[in-house]
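S.K.: In my numbering, the protein residues as written are 324 to 510.
We treat Cβ as the ideally placed atom computed from N, Cα and C, and that holds for glycine.
From a predicted model like this one, the values you see are computed outputs, not experimental measurements.
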Ligand SMILES: Cc1cc2nc3c(=O)[nH]c(=O)nc-3n(C[C@H](O)[C@H](O)[C@H](O)COP(=O)(O)O)c2cc1C
């Protein structure tokens, strides 16, 4: 059984976090622990037509971002790491600075200090030097910065295919292979 923390912050591409939860729900050997930022919760209805309540139903466990006493706030609660999808530049900056200013950034701080895999689907374009420096900082601290860039070699036909492919790539970091994930096999 794997235990994955899923963080959803308020960048464009909230659909990626939702889709990640949907895909993981179908994997009986993966337990999901969801934390969303207040900004993500506010954006959900207008961007995705979904309420936070509906997104929370997709996860095994959910946490209030203000609850910094939750299980995932402590390194003694063992997990296999965390995926933040999408990861806004604000959340990236808070993680890079070790702010722990809400439960999402605290959970990331814990994963980093415990040397657990922390994958950030950083979403912004174009990037400023500030963003790039924050990406450098978190990479130096052991995170995997995995921006959701477009993928064509996988044969993706739709935006959904591209999202599934990037999420499949993110999950490979945890030795989880999504059914239907198309790796490049060479010619
Ligand atoms: C429609 C919309 C799209 C946004 N897209 C992005 C984005 O792609 N990347 C980003 O860093 N911020 C984006 N923002 C700004 C964030 O929502 C804002 O910086 C917020 O403070 C992030 O807070 P959080 O990281 O605590 O969720 C967007 C805001 C809106 C309203």
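DSSP beta-bridge partners for residue 386?
M.R.: Within the chain shown, numbered from 1, the residue matching residue 386 stands at position 63. Partner(s): 358.
S.K.: So residue 485 is in the alpha helix (DSSP H); what residue range does that whole segment cover?
M.R.: If you number the chain shown from 1, residue 485 lands on position 162. Note, residue 485: alpha helix (DSSP H), 482-495.
S.K.: So for residue 468, helix, strand or coil by DSSP?
M.R.: Against the chain shown, residue 468 aligns to sequence position 145. Residue 468: strand per DSSP, three-state reduction.
S.K.: Please list, in chain order, all residues of the same chain as residue 335 whose beta carbon is under 8 Å from its beta carbon, the five residues on each side excluded.
M.R.: Numbered from its first residue, the chain shown carries residue 335 at position 12. Cβ neighbours of residue 335 beyond the five flanking positions: 370, 409, 446.
S.K.: At the level of alpha carbons, what is the spacing between residue 395 and residue 509?
M.R.: Locating residue 395 in the chain shown gives position 72, where the first residue counts as 1. Locating residue 509 in the chain shown gives position 186, where the first residue counts as 1. Whole-angstrom Cα-Cα distance: 40 Å.
S.K.: Going by the C-beta, is residue 362 closer than 7 Å to any heavy atom of ligand 1?
M.R.: For this step, residue 362 is matched to residue 39 along the chain shown. The answer is yes for residue 362.
S.K.: Comparing the CB of residue 411 with every heavy atom of ligand 1, is any distance shorter than 7 Å?
M.R.: Working through the chain shown from its first residue, we reach residue 411 at position 88. Yes, since a heavy atom of ligand 1 falls inside the 7 Å radius drawn around the Cβ of residue 411.
S.K.: Checking 8 Å against the spacing of the C-beta atoms, do residue 339 and residue 444 come in under that value?
M.R.: Reading the chain shown from its first residue, position 16 is the one you call residue 339. Reading the chain shown from its first residue, position 121 is the one you call residue 444. Yes, Cβ-Cβ distance for residue 339 and residue 444 is below 8 Å.
S.K.: Given this structure, state the Cα-to-Cα distance separating residue 332 from residue 359, to the nearest angstrom.
M.R.: As a position in the chain shown, residue 332 is number 9, starting the count at 1. As a position in the chain shown, residue 359 is number 36, starting the count at 1. Rounded to whole angstroms, residue 332 to residue 359 spans 6 Å at the Cα level.
S.K.: Less than 8 Å between the beta carbons of residue 474 and residue 468, yes or no?
M.R.: As a first step, residue 474 must be located in the chain shown, where it is residue number 151. As a first step, residue 468 must be located in the chain shown, where it is residue number 145. No. Outside cutoff.
S.K.: Check whether the Cβ atoms of residue 465 and residue 428 sit closer than 8 Å, and answer yes or no.
M.R.: Working through the chain shown from its first residue, we reach residue 465 at position 142. Working through the chain shown from its first residue, we reach residue 428 at position 105. It is not a contact, given that the beta carbons lie outside the stated cut-off.
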